[in-house]
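Numbering (the numbering used here), first residue to last: 266 to 734.
Glycine included, each C-beta is placed from N, C-alpha and C at the ideal position.
Being a predicted model, the structure only gives us computed values, none of them experimental.
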Ligand code: NOJ
C-alpha cells in the first residue's frame with residue numbers, strides 16, 4: 266500500500282441504492298467494478314458512523330455503528346467482503362480528537378472532554394473561539410461547537426478509542442485515515458497561543474494566522490498518544506491528516522505509514538511553488554499525495570480546467586501513496602463558490618454526487634439527490650469510458666503505468682515553467698504555463714495528457730508527459 270492508489274469515497278455522494286437521494290454502502294458495493302477497472306489498490310470512505318451531521322459524519326455519535334442512511338454492519342461486512350474479493354483494501358476514516366456533542370460519552374463521561382472555567386485565546390478551525398459555555402463552564406471544540414474535543418491525556422479515553430480502532434480492523438478493514446490528528450494533544454495547562462512570529466507554512470484563517478498555534482495543538486508529547494494508536498492498529502495502514510508543513514511531520518511520520526502532503530495540495534499551479542512543495546515534502550519519509558478532497562476542492566477548480574489532466578499526472582507519478590478523490594478521474598466540476606446549503610464552512614461545492622452517466626441524476630440516484638448534480642451531461646463516467654482521449658482513460662493509464670515506474674526519485678533542474686523529475690527509468694515533465702516549453706524528454710512519451718502534446722522535446726501548454734529514459 267505504500268506505493269498504492271487509494272480512492273477516496275465520500276459516501277453521501279458516491280452511489281444511492283435505495284432512492285432516498287443519499288449514497289450508501291450497498292451503492293458503493295454496486296460500483297466496485299469502477300474501482301477495479303481504474304486499477305486502484307484501496308478505497309477510503311469518509312465517515313459512515315451514526316452522526317447528527319453537524320459536520321457530515323466528522324461528528325461521530327457512535328464509533329462502532331453504521332448510520333442507518335448508509336446501511337448497517339451487515340452491509341459493511343458485505344462491502345468489505347466484495348472489496349477483498351476484488352483485491353481492494355478498505356480504509357476507514359477515524360475521528361479520534363472529537364466526538365459529536367450527541368455522543369453518549371459527552372453526557373456519561375463529561376470528564377473525558379476538555380473543560381475550562383474561562384476560555385483562552387484558542388481559535389476554532391471554522392472561526393471564532395474554540396470554547397463554548399455549558400453549565401457554568403466551557404468545553405473545547407477545535408472545530409464546530411457540536412464537536413467537543415476528547416481529552417487524550419485521560420487513560421480511559423485512550424482505552425475506549427483503542428477498542429474502537431481494533432473493532433473495524435477485526436471486522437475486516439485494513440487501516441485508517443486519521444482525522445485532524447495534529448489536534449490530538451494540546452498544552453495540558455491550556456495556555457494561550459502566543460502571537461505568530463513566522464508564517465505557519467499552510468493556509469490558515471485570518472484569525473488563526475495571527476497566532477503561533479503552539480499550545481492549541483501538536484503538543485511536544487504527542488508521540489505518546491500516537492504510540493497508543495499504533496499499538497491498537499498493529500500493522501494496519503495508517504495515514505494521518507496532519508495539518509502541518511512537512512518539516513514538522515515528526516512524530517506523526519514515526520508512527521504512521523504516511524502523512525498527507527498539504528504543501529502540494531495548497532500549492533498554486535506554478536512551477537516554482539510546485540517544485541518547492543515537492544522538494545520539501547520528498548525530503549521527509551512518508552508523504553501521501555493528495556491534490557483534492559471533500560474539504561479543499563477539485564482539480565479543475567483549484568488548478569484550472571486546462572491543468573486538471575496535468576495535475577492528475579503529477580498526483581499519480583510521485584513516489585508514495587496517492588489519494589484520488591471520487592470524481593476527479595473524470596475532472597468533475599464543482600458547485601458555485603459560497604454555496605452553503607448544508608455545510609456552514611461552505612464545502613458543499615466539493616461534495617456533489619458522482620456523475621456516472623449523462624442523465625440529470627447522473628445515475629447517482631433514482632430519487633431526488635441530496636445535493637444537485639453539477640454537470641453530468643458534460644462529464645460522466647459512461648461517456649468517458651468509451652473515449653480513449655478522456656480524462657478517465659488518462660487516469661486509468663496513469664494508474665497502470667505507475668506500477669512500472671520503479672524506485673527512486675530525483676527532482677530535476679528544469680526551465681522556468683517546467684516541473685520535471687525522474688522516477689526509476691522514467692522522466693516526468695509538466696508544463697505549467699500557457700506557452701510551449703522545452704522539456705528534458707527525449708524518447709516517445711509513454712503517456713501524455715493529450716495526443717501530440719510532446720513533439721521534438723517541446724511540451725504543449727498545460728500538458729504533461731512521461732517518457733522512458
Ligand atoms: C478534517 C475533515 O476532513 C473535515 O471534513 C472535518 O470538518 C474536520 N477534519 C473535523 O473533523
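Residue of the options minimising C-alpha distance to residue i
i: residue 725; options: 456, 734, 491, 694; result: 694
i: residue 271; options: 354, 367, 730; result: 354
i: residue 392; options: 474, 662, 399; result: 474
i: residue 547; options: 382, 583, 273; result: 583
i: residue 655; options: 671, 603, 716, 679; result: 716
i: residue 267; options: 350, 668, 593; result: 668
i: residue 303; options: 618, 595, 728, 509; result: 595
i: residue 365; options: 321, 385, 603, 344; result: 321
i: residue 573; options: 556, 367, 588; result: 556
i: residue 520; options: 544, 490, 508; result: 490
i: residue 552; options: 560, 401, 509, 624; result: 509
i: residue 672; options: 585, 658, 698, 598; result: 585
i: residue 545; options: 675, 712, 293, 662; result: 675
i: residue 367; options: 461, 326, 400, 540; result: 326
i: residue 330; options: 699, 436, 398, 678; result: 436
i: residue 260; options: 702, 692, 698, 721; result: Nothing can be reported for residue 260, as the shown portion of the chain is limited to 266 through 734.
i: residue 418; options: 536, 451, 598; result: 451
i: residue 351; options: 323, 307, 374; result: 307
i: residue 299; options: 496, 660, 492, 723; result: 660
i: residue 569; options: 658, 698, 612, 492; result: 698
i: residue 500; options: 481, 430, 535, 554; result: 430
i: residue 550; options: 560, 516, 536; result: 516
i: residue 276; options: 426, 636, 349; result: 636
Sheet register partners of residue i (DSSP bridge)
i: residue 505; result: 443, 524
i: residue 692; result: 687, 732
i: residue 342; result: Answer is none; residue 342 lacks a bridge partner.
i: residue 562; result: 558
i: residue 354; result: 307
i: residue 394; result: 388
i: residue 399; result: 402
i: residue 380; result: 404
i: residue 553; result: 525
i: residue 476; result: 460
i: residue 703; result: 723
i: residue 415; result: 378
i: residue 299; result: Partner(s): none; residue 299 has no beta bridge.
Counted within 10 angstroms of its Cβ, other Cβ atoms place residue i as buried (16 or more) or exposed
i: residue 609; result: exposed
i: residue 706; result: buried
i: residue 406; result: buried
i: residue 433; result: buried
i: residue 645; result: buried
i: residue 376; result: exposed
i: residue 369; result: exposed
i: residue 603; result: exposed
i: residue 518; result: buried
i: residue 463; result: exposed
i: residue 389; result: buried
i: residue 273; result: buried
i: residue 593; result: buried
i: residue 618; result: buried
i: residue 620; result: buried
i: residue 428; result: exposed
i: residue 615; result: buried
i: residue 312; result: buried
i: residue 487; result: buried
Unbroken beta strand (DSSP E) run spanning residue i, endpoints
i: residue 270; result: 270-274
i: residue 402; result: 402-405
i: residue 588; result: 587-590
i: residue 676; result: 674-676
Endpoints, alpha helix (DSSP H) assigned at residue i
i: residue 431; result: 420-435
i: residue 492; result: 487-498
i: residue 578; result: 573-582
i: residue 544; result: 536-547
i: residue 371; result: 369-373
i: residue 711; result: Segment 710-713 is the beta strand (DSSP E) holding residue 711; no alpha helix (DSSP H) there.
i: residue 648; result: 646-651
i: residue 294; result: 290-295
i: residue 658; result: 656-667
The ligand GTP heavy atom lying under 7 angstroms from the CB of residue i
i: residue 615; result: Summarising the ligand content, the structure contains the ligand NOJ and does not contain the ligand GTP.
Test: residue i CB closer than 8 angstroms to a CB of chain C
i: residue 585; result: Absent from the structure: chain C. Only one protein chain is present.
At least 3 beta-carbon pairs within less than 8 angstroms: the region 648-664 vs the region 601-618: With fewer than three CB-CB distances shorter than 8 angstroms, the region 648-664 does not count as touching the region 601-618.
Given 8 angstroms, three or more beta-carbon pairs between the region 422-440 and the region 495-505: Short answer: they touch.
Cβ contact check for the region 562-575 and the region 307-327: 3 or more pairs under 8 angstroms: They do not touch, by the three-pair rule.
Segment contact, 8 angstroms Cβ cut-off, at least three pairs: the region 624-639 with the region 268-282: They touch, by the three-pair rule.
Meets three-Cβ-pair contact criterion under 8 angstroms: the region 464-484 and the region 325-337: Segment contact: the region 464-484 against the region 325-337, fewer than three CB-CB distances shorter than 8 angstroms; contact not assigned.
Contact the region 530-543 vs the region 409-418: 3+ CB pairs below 8 angstroms: Too few Cβ pairs lie closer than 8 angstroms, so no.
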